[in-house]
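**Q**
Chains as they are written, first to last, in the numbering used here: chain A, 1 to 107; chain B, 1001 to 1127.
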């Protein structure tokens, strides 16, 4: 099974900060990676697919990059709505696994 | 707009069964793969099961294989998860999620992401 590891587990930041979350796969997954945002008590929200393609309606301050085994999610200027937990997810052949999550909290 | 509404959660004793439902609307249900994903209290997300757009392919996480069965009724636009031999470690919020890739492509390539999620239904397994 492919394991996904996110870092850091928790990130303290202020409104306006640039934030980067890293996701590493235990083996190459090409560009088959998605990112989700989850606010407390809510369902996850889909943000990015194929490592860097922004889902329609997602603010452009969110961006993704990477391929193979190393990926990043960047928020260019953190907004109050962005304080949440972020998960990466790989979707290679008939296999779906999530990272453990990165909580972005207010500094 | 796409809507997914789960139901059927509740409190159940270990070893018993429960069936979850997910009513879908706002898209062509028969054209997309559908998934179940769960989240134990205070924990991260765990993929549980998938059914292809036509119901012919089904895959399960090792943790539920042989105990859970995913199915879909296209006439009712509804996804199901039959959960048997429940264990305390199955306690979680269960979400249904729509595949983001068109069903035929997702089935051939064996890959998919989740572009819409329901609000979740809580399953508590406890004596």
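Note that beta-carbon positions come from the ideal geometry of N, C-alpha and C, so glycine has one too. Note that the structure is a prediction, hence the values are computed from the model and not measured.
1) Are the stretch 1078–1085 of chain B and the stretch 53–70 of chain A in contact at 8 Å, needing three or more beta carbon pairs?
2) Using a cut-off of 9 Å between C-beta atoms, extract the partners of residue 83 of chain A located in chain B.
3) Could you check whether the Cβ of residue 65 of chain A sits closer than 8 Å to any Cβ belonging to chain B?
4) Say whether chain B places a C-beta atom closer than 8 Å to the C-beta of residue 55 of chain A.
5) Kindly provide the ranges of any beta strand (DSSP E) runs that are 3 or more residues long and lie completely inside the stretch 1022–1104 of chain B, ordered along the chain.
6) Please compile the residues from chain A whose C-beta is within a distance smaller than 7 Å of the C-beta of residue 1119 of chain B.
7) Answer yes if the stretch 1008–1027 of chain B comes into contact with the stretch 82–99 of chain A, meaning at least three C-beta pairs across the two stretches below 8 Å, and no otherwise.
8) Report buried or exposed for residue 1065 of chain B, applying the criterion of at least 16 other Cβ atoms within 10 angstroms of its Cβ.
9) Which of the three DSSP states, helix, strand or coil, is assigned to residue 1109 of chain B?
10) What is the rounded straight-line gap between the Cα of residue 8 of chain A and the Cα of residue 1098 of chain B?
11) Can you pull the DSSP bridge partners for residue 31 of chain A?
12) Taking residue 1125 of chain B as the reference, give the member of B:1005, B:1018, B:1002 with the closest Cα.
13) Would you check if the distance between the CB atom of residue 24 of chain A and the CB atom of residue 5 of chain A is smaller than 8 Å?
14) Note down, in chain order, every chain A residue with its Cβ under 7 Å from the Cβ of residue 1054 of chain B.
15) Are the beta-carbon atoms belonging to residue 102 of chain A and residue 21 of chain A less than 8 Å from one another?
16) Going by alpha carbons, who is nearest to residue 77 of chain A out of A:10, A:104, A:39, A:51?
17) Under a three-way DSSP split, which group does residue 1115 of chain B fall into?
18) Flag this pair as yes or no: are the beta carbons of residue 1112 of chain B and residue 1106 of chain B separated by less than 8 Å?
19) Using 8 Å as the threshold, is the stretch 1080–1096 of chain B in touch with the stretch 1030–1045 of chain B, meaning 3 or more CB pairs across them?
**A** According to the data block:
1) no
2) Those do not exist, as residue 83 of chain A stays about 18 Å from chain B at its closest Cβ, beyond 9 Å.
3) no
4) The C-beta of residue 55 of chain A comes closer than 8 Å to at least one C-beta of chain B.
5) 1032–1039, 1045–1051, 1058–1060, 1068–1073, 1078–1083, 1092–1102
6) Neighbours of residue 1119 of chain B on chain A, chain order: 43.
7) Not touching, per the Cβ criterion.
8) exposed
9) helix
10) 29 Å
11) Its beta-bridge partners do not exist; DSSP assigns none.
12) Selected option, being the one with the closest Cα: B:1018.
13) yes
14) Here the premise fails: no neighbours, minimum Cβ distance about 16 Å.
15) One thing to note: residue 102 of chain A has its Cβ within 8 Å of the Cβ of residue 21 of chain A.
16) The alpha carbon of residue 77 of chain A has as its nearest neighbour, out of A:10, A:104, A:39, A:51, the alpha carbon of A:104.
17) Strand.
18) Less than 8 Å divides the Cβ of residue 1112 of chain B from the Cβ of residue 1106 of chain B.
19) yes
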